[in-house]
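Top line first, the protein sequences correspond to chains A and B. Quick note on this note's numbering: the first sequence kicks off at 168 and runs consecutively. Quick note on this note's numbering: the second sequence kicks off at 168 and runs consecutively. Note that the Cβ used here is the ideal one computed from N, Cα and C, for glycine as well. Right, one structure below, let's go through it.
Protein chains: 2
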Amino acid sequence: MKRRSTLADIAAAAGVSLMTVSRAINSKPGVSDELRQSILALVEEMGYRPNQIARGLATHQTNSVGLIVPDNTNPFFAQIARGVEDGAYAREYSVFLVNTVENPTRELDALGSLWEKEVDGLIWCSARVALEELEFQLRRFPAVVLLNRELENPLSHVMTLNVHDVRGARMAVSHLLGQGCRHIAYLNGPLHSLSAQRRLQGYQSALTEAGLSVDPLLEQCCLPDTASGYDATLVLLNRRPDVDAILAFNDLVAVGAMQACQALGRSVPETVRIIGFDDIPLATIIEPQLTTLHVDLQHIGELAMQALLDIMEGVACPSAMLIEPELFVRDSA
Amino acid sequence: MKRRSTLADIAAAAGVSLMTVSRAINSKPGVSDELRQSILALVEEMGYRPNQIARGLATHQTNSVGLIVPDNTNPFFAQIARGVEDGAYAREYSVFLVNTVENPTRELDALGSLWEKEVDGLIWCSARVALEELEFQLRRFPAVVLLNRELENPLSHVMTLNVHDVRGARMAVSHLLGQGCRHIAYLNGPLHSLSAQRRLQGYQSALTEAGLSVDPLLEQCCLPDTASGYDATLVLLNRRPDVDAILAFNDLVAVGAMQACQALGRSVPETVRIIGFDDIPLATIIEPQLTTLHVDLQHIGELAMQALLDIMEGVACPSAMLIEPELFVRDSA
DNA sequence: TTGTACGCGTTATCAT
DNA sequence: ATGATAACGCGTACAA
Numbered sequence: 168m169k170r171r172s173t174l175a176d177i178a179a180a181a182g183v184s185l186m187t188v189s190r191a192i193n194s195k196p197g198v199s200d201e202l203r204q205s206i207l208a209l210v211e212e213m214g215y216r217p218n219q220i221a222r223g224l225a226t227h228q229t230n231s232v233g234l235i236v237p238d239n240t241n242p243f244f245a246q247i248a249r250g251v252e253d254g255a256y257a258r259e260y261s262v263f264l265v266n267t268v269e270n271p272t273r274e275l276d277a278l279g280s281l282w283e284k285e286v287d288g289l290i291w292c293s294a295r296v297a298l299e300e301l302e303f304q305l306r307r308f309p310a311v312v313l314l315n316r317e318l319e320n321p322l323s324h325v326m327t328l329n330v331h332d333v334r335g336a337r338m339a340v341s342h343l344l345g346q347g348c349r350h351i352a353y354l355n356g357p358l359h360s361l362s363a364q365r366r367l368q369g370y371q372s373a374l375t376e377a378g379l380s381v382d383p384l385l386e387q388c389c390l391p392d393t394a395s396g397y398d399a400t401l402v403l404l405n406r407r408p409d410v411d412a413i414l415a416f417n418d419l420v421a422v423g424a425m426q427a428c429q430a431l432g433r434s435v436p437e438t439v440r441i442i443g444f445d446d447i448p449l450a451t452i453i454e455p456q457l458t459t460l461h462v463d464l465q466h467i468g469e470l471a472m473q474a475l476l477d478i479m480e481g482v483a484c485p486s487a488m489l490i491e492p493e494l495f496v497r498d499s500a
Numbered sequence: 168m169k170r171r172s173t174l175a176d177i178a179a180a181a182g183v184s185l186m187t188v189s190r191a192i193n194s195k196p197g198v199s200d201e202l203r204q205s206i207l208a209l210v211e212e213m214g215y216r217p218n219q220i221a222r223g224l225a226t227h228q229t230n231s232v233g234l235i236v237p238d239n240t241n242p243f244f245a246q247i248a249r250g251v252e253d254g255a256y257a258r259e260y261s262v263f264l265v266n267t268v269e270n271p272t273r274e275l276d277a278l279g280s281l282w283e284k285e286v287d288g289l290i291w292c293s294a295r296v297a298l299e300e301l302e303f304q305l306r307r308f309p310a311v312v313l314l315n316r317e318l319e320n321p322l323s324h325v326m327t328l329n330v331h332d333v334r335g336a337r338m339a340v341s342h343l344l345g346q347g348c349r350h351i352a353y354l355n356g357p358l359h360s361l362s363a364q365r366r367l368q369g370y371q372s373a374l375t376e377a378g379l380s381v382d383p384l385l386e387q388c389c390l391p392d393t394a395s396g397y398d399a400t401l402v403l404l405n406r407r408p409d410v411d412a413i414l415a416f417n418d419l420v421a422v423g424a425m426q427a428c429q430a431l432g433r434s435v436p437e438t439v440r441i442i443g444f445d446d447i448p449l450a451t452i453i454e455p456q457l458t459t460l461h462v463d464l465q466h467i468g469e470l471a472m473q474a475l476l477d478i479m480e481g482v483a484c485p486s487a488m489l490i491e492p493e494l495f496v497r498d499s500a
């Protein structure tokens, strides 16, 4: 690996000063056209590329952002990450990806590490930290987009981006009620998850408004994966065999629920209707295809990145965005 | 966002020189114990964290690596990325994630961008560039782990990490032959994919060795996703209705094949046996569960990261690693 | 239009 | 054990 050429090398080769080369490269005024051409030719020839570390030190801009997710393996976050990365590429930014693995220590480590690296901005999904810690961290970064978390007091350099979970859950329940279901259960996600709380709230309020009572026995918590959804459904259906519909925290849980129903000989959607959330690719792969609340996750990722760039550039930007999920009725409900 | 404190701030507060603080922080010798203690206390109090950009400029080490994948949304690469990130976290490295989206331009852009950022190392999956370009790029980085690509002439700072695709495909074909199948088709992946070529080779050689002829009509190309697998299977079964087994390039394709069979009323595994490759989570979610060649992708990611660190630290390291897939017999074959 | 001096925050080197 | 000084590669501010 031979030494990288620097501005000084180019300047020497071109017989001009450092600054002239710098200006030529950054297409700034103050360089005659022919000189610029010959410099750029040299740059090409010598394979020069600006050293972003040095540039970062001088300008306090690194052209990189951090993306914190619980687990990039989860299709939900994978899609978002893809959108973020696409958006970053379009604007010549690089993305540091970090998984928290639902581990508070690792989450704080990630924040510290990103801060040390002087990222220009941060997209932070499902922040699991206490409010005080959250505010401390937000203060440290120049720009932040918070996904899946809300903020009482808006900060000018922070935008929150949330799915309208309450409305989504209500749409699902309405649909089930319309199909004649009267014993609708809810497989909730982790209690500390804001989405889980909001979806629960939507579920309960829809039932109440329909004149049905909210029955704690119809609510069952589980981790947001297929295996947990399966187990939770067995528990649920054992406790309340009269259940005729299940709203699941997300699609993975819904699929687990579907498998459990099949294992118990309860056909879907004939005896139990199932609705998921998020519309991950799996939703259309399994049989019967999953009715679910569709959210364009990749687009959300791109939106988040664009908003982040807007904040960084001082462009006016809303303090919060709310994404409306859409009920995609397929075969499971 | 208030100004970050710097070494100078700490030094001033402690009434010592910059270097003493630097030494204390980096736990280098040359600082008395009590002084070190009091400095570290100040560091804590003032919330000081070293600026990695400045440090990077001074040391030419950034404590960050690049990870290039075709698409982080593909479970195959998502698992690998997760392993890489876990490994990086364990050693206090950060990971730049880049998607190439099978786009050569974007792949080159990614390499350029990572080089500008002075990453200490690179994990490069499924490099799609020509040999000459590959060698040029490899020369630019201090350390590289190449996944899914081989190298004629080993380089001391590069390691290749491949799955033994040939052996995997042969195991699959053997298994199918043992089940009595005699018209085994192969749904190949993209032609430019090295894995696809190797799996094809394993498929063909296993047939030949069993005394069966290789029939081009039994080979069908498709993109490595479910929809393409579905379409390709329709084409294939239309052309050769006598097919009694399908080996798919990967699990996504296999699932598409399974759906196509079901759509055509051909039961799996009774009339058509199907085997996939990679064993992504989906393999055990669908019904019937997929028989497939299992590879521990997350572990591969960790291995890649560890090897990369070894290269970077000058630790002796093999020039190539070959991972053996294992046939997991489930319900589809 | 072009060039010079300096600073960004840190580490390496050489003194003390 | 501690400190002064010079890099690292670039951009900003100002001078020519």
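*Going along chain B in order, which residues have a C-beta closer than 9 Å to the C-beta of Phe-263 of chain A?*
By one-based count along the first sequence, residue 263 of chain A stands at place 96. Those within 9 Å of Phe-263 of chain A in chain B are Ser-231, Ser-261, Val-262, Phe-263 and Leu-264.
*Would Pro-237 of chain A pass as a contact of Thr-267 of chain A if the rule is Cβ separation under 8 Å?*
As a position in the first sequence, residue 237 of chain A is number 70, starting the count at 1. As a position in the first sequence, residue 267 of chain A is number 100, starting the count at 1. For Pro-237 of chain A and Thr-267 of chain A, yes; Cβs fall inside 8 Å.
*Using a beta-carbon distance below 8 Å, is Asn-239 of chain B in contact with chain A?*
Taking the first residue of the second sequence as position 1, residue 239 of chain B is located at position 72. Taking Cβ atoms only, chain A reaches closer than 8 Å to Asn-239 of chain B, which makes this a yes.
*So, Arg-295 of chain A versus His-359 of chain A, is the Cβ gap smaller than 8 Å?*
Reading the first sequence from its first residue, position 128 is the one you call residue 295 of chain A. Reading the first sequence from its first residue, position 192 is the one you call residue 359 of chain A. A contact, by the Cβ cut-off of 8 Å.
_Against chain B: residues of the stretch 271-288 of chain A by CB proximity under 9 Å_ = Arg-273, Asp-276, Ala-277, Gly-279, Ser-280, Leu-281, Trp-282, Glu-283, Lys-284 and Glu-285
*Residue closest to Asn-239 of chain B, alpha-carbon to alpha-carbon, out of B:Cys-292, B:Ala-487 and B:Leu-318*: As a first step, residue 239 of chain B must be located in the second sequence, where it is residue number 72. The shortest Cα separation from Asn-239 of chain B among B:Cys-292, B:Ala-487 and B:Leu-318 belongs to B:Cys-292.
_Of the listed residues B:Val-422, B:Ala-310, B:Asn-329 and B:Glu-299, nearest to Gly-468 of chain B (C-alpha basis)_ = Residue numbering aside, residue 468 of chain B sits at position 301 when the second sequence is read from its first letter. It is B:Asn-329.
*asked:* Within a Cβ cutoff of 8 Å, which residues of the same chain sit near Ala-178 of chain B, ignoring the five residues on either side of it in sequence?
replied: Along the second sequence, read from residue 1 onward, the residue named residue 178 of chain B stands at position 11. Taken in chain order, the residues that qualify are Ser-184, Leu-185, Thr-187 and Val-188.
*With C-beta atoms as the reference, is Arg-306 of chain B less than 8 Å away from Met-168 of chain A?*
Numbered from 1 along the second sequence, position 139 holds the residue referred to as residue 306 of chain B. Numbered from 1 along the first sequence, position 1 holds the residue referred to as residue 168 of chain A. Yes. Within cutoff.
*Does any residue of chain A bring its CB to less than 8 Å from the CB of Glu-299 of chain B?*
As a working mapping, residue 299 of chain B is identified with position 132 in the second sequence. Closer than 8 Å: no.
*Excluding the 5 residues preceding and the 5 following Gly-356 of chain A in the sequence, name in chain order all residues of the same chain whose CB lies nearer than 8 Å to its CB.*
Stepping through the first sequence from its first residue, residue 356 of chain A is reached at position 189. Excluding sequence neighbours, Gly-356 of chain A sits near Ser-362, Ala-363, Arg-366, Cys-388, Cys-389, Leu-390, Pro-391, Phe-416, Asn-417 and Val-420.
*Taking the alpha-carbon positions, what's the Ala-450 of chain A to Tyr-260 of chain B distance?*
For the purposes of this step, residue 450 of chain A is taken as the residue at position 283 of the first sequence. For the purposes of this step, residue 260 of chain B is taken as the residue at position 93 of the second sequence. So the two alpha carbons sit approximately 35 Å from each other.
*Thinking C-beta only, is Glu-491 of chain B closer than 8 Å to His-331 of chain B?*
The residue you call residue 331 of chain B lines up with position 164 of the second sequence. The residue you call residue 491 of chain B lines up with position 324 of the second sequence. In contact: His-331 of chain B and Glu-491 of chain B (Cβ atoms closer than 8 Å).
*Leaving aside the five residues before and after Gln-456 of chain B along the sequence, list all residues of the same chain whose C-beta is less than 6 Å from its C-beta, in chain order.*
The residue you call residue 456 of chain B lines up with position 289 of the second sequence. Excluding sequence neighbours, Gln-456 of chain B sits near Arg-497 and Asp-498.
*Under 9 Å between beta-carbons, which chain A residues line up against Tyr-215 of chain B? List them in chain order, please.*
For the purposes of this step, residue 215 of chain B is taken as residue 48 along the second sequence, with counting starting at 1. None at all; the shortest Cβ gap to chain A is about 10 Å.
*Ends of the beta strand (DSSP E) at Arg-440 of chain B?*
As a working note, residue 440 of chain B is residue 273 in the second sequence. Looking at the DSSP string, the run of the beta strand (DSSP E) that includes Arg-440 of chain B is 440-445.
*Beta carbon of Ile-413 of chain B, beta carbon of Leu-354 of chain B: below 8 Å?*
As a working mapping, residue 413 of chain B is identified with position 246 in the second sequence. As a working mapping, residue 354 of chain B is identified with position 187 in the second sequence. Closer than 8 Å, so yes.
*Express the C-alpha separation of Ile-452 of chain A and Tyr-397 of chain B in angstroms, rounding to a whole number.*
Walking along the second sequence from the start, residue 397 of chain B turns up at place 230. Walking along the first sequence from the start, residue 452 of chain A turns up at place 285. If you take the alpha carbons of Tyr-397 of chain B and Ile-452 of chain A, they lie about 11 Å apart.
*Listing by chain order, which chain B residues have their CB less than 7 Å from the CB of Gly-223 of chain A?*
Residue numbering aside, residue 223 of chain A sits at position 56 when the first sequence is read from its first letter. Near Gly-223 of chain A (Cβ distances below 7 Å), the residues of chain B are Ile-220.
*Determine, using beta-carbon pairs with one atom in the stretch 226-237 of chain A and one in the stretch 248-255 of chain A, whether at least three such pairs fall under 8 Å.*
yes
*Can you tell me which of the three DSSP states Thr-240 of chain A falls into?*
Your numbering for residue 240 of chain A matches position 73 in the first sequence. Coil at Thr-240 of chain A, not helix or strand.
*chain A beta carbons: is any one of them nearer than 8 Å to that of Gln-246 of chain B?*
By one-based count along the second sequence, residue 246 of chain B stands at place 79. Yes, because at least one Cβ of chain A sits closer than 8 Å to the Cβ of Gln-246 of chain B.
*Residues in its own chain within less than 6 Å of Thr-393 of chain B by CB, not counting five upstream and five downstream?*
Working through the second sequence from its first residue, we reach residue 393 of chain B at position 226. Contacts found: Leu-419, Val-422 and Gly-423.
*Counting contacts by CB-CB distance shorter than 8 Å, is Val-296 of chain B in contact with chain A?*
Locating residue 296 of chain B in the second sequence gives position 129, counting from the first residue. Taking Cβ atoms only, chain A never reaches closer than 8 Å to Val-296 of chain B, which makes this a no.
*asked:* Just to confirm my understanding: we take Ala-399 of chain A, look at its own chain, exclude 5 residues before and 5 after, and list those with CB closer than 6 Å. What are they?
replied: The sequence position of residue 399 of chain A within the first sequence is 232, counting from 1. Closer than 6 Å at Cβ, skipping near neighbours: Leu-354, Gln-387 and Cys-389.
*Quick one: using the 10 Å Cβ neighbour count with 16 as the cut-off for buried, is Leu-384 of chain A buried or exposed?*
In the first sequence, the residue the question calls residue 384 of chain A occupies position 217. Exposed is the call here.
*Using DSSP bridges, identify the partner residues of Thr-501 of chain B.*
No answer is possible for residue 501 of chain B: the residues shown for chain B start at 168 and end at 500.
*With a 10 Å radius around its C-beta and 16 neighbouring C-beta atoms as the bar for buried, classify Asp-445 of chain B as buried or exposed.*
The sequence position of residue 445 of chain B within the second sequence is 278, counting from 1. Its Cβ being crowded by 16 or more others within 10 Å, Asp-445 of chain B is buried.
_Val-325 of chain B beta carbon less than 8 Å from that of Val-311 of chain B_ = Walking along the second sequence from the start, residue 311 of chain B turns up at place 144. Walking along the second sequence from the start, residue 325 of chain B turns up at place 158. Against a cut-off of 8 Å, the Cβ pair of Val-325 of chain B and Val-311 of chain B comes out as a contact.
*Using a Cβ-Cβ cut-off of 8 Å, state whether Thr-226 of chain B counts as contacting chain A.*
One-based indexing of the second sequence puts residue 226 of chain B at position 59. Answer no: the Cβ-Cβ gap between Thr-226 of chain B and chain A never drops below 8 Å.
*asked:* Against Tyr-353 of chain A, what residues of chain B qualify as contacts under a CB-to-CB distance less than 8 Å, listed in chain order?
replied: Position 186 of the first sequence holds residue 353 of chain A. Chain B residues near Tyr-353 of chain A: none, gap ~22 Å exceeds 8 Å.
*If we ignore side chains and look at the alpha-carbon of each, how far apart do Pro-264 of chain A and Tyr-370 of chain B end up?*
Numbered from its first residue, the first sequence carries residue 264 of chain A at position 97. Numbered from its first residue, the second sequence carries residue 370 of chain B at position 203. Inspection of the sequence shows that residue 264 of chain A is occupied by Leu rather than by Pro. Their Cα atoms are separated by approximately 37 Å.
*Tell me which same chain residues have a C-beta within less than 7 Å of the C-beta of Gln-473 of chain B, skipping the five on either side of it?*
As a working mapping, residue 473 of chain B is identified with position 306 in the second sequence. So the qualifying residues of the chain are Gly-254.
*With 8 Å as the threshold, decide whether the Cβ of Pro-309 of chain B is near any Cβ in chain A.*
Residue mapping note: residue 309 of chain B aligns to position 142 of the second sequence, counting from 1. With 8 Å as the cut-off, Pro-309 of chain B counts as an interface residue toward chain A.
*Residues of chain B with a CB under 9 Å from the CB of Thr-393 of chain A: which are they?*
Against the first sequence, residue 393 of chain A aligns to sequence position 226. Going along chain B in sequence order, the residues near Thr-393 of chain A (Cβ under 9 Å) are Pro-448, Thr-451 and Ile-452.
*asked:* Considering Cα atoms alone, identify which of B:Thr-458, B:Gln-228 and B:Thr-375 is closest to Asp-287 of chain B.
replied: For the purposes of this step, residue 287 of chain B is taken as the residue at position 120 of the second sequence. Checked all of B:Thr-458, B:Gln-228 and B:Thr-375; the closest Cα to Asp-287 of chain B is B:Gln-228.
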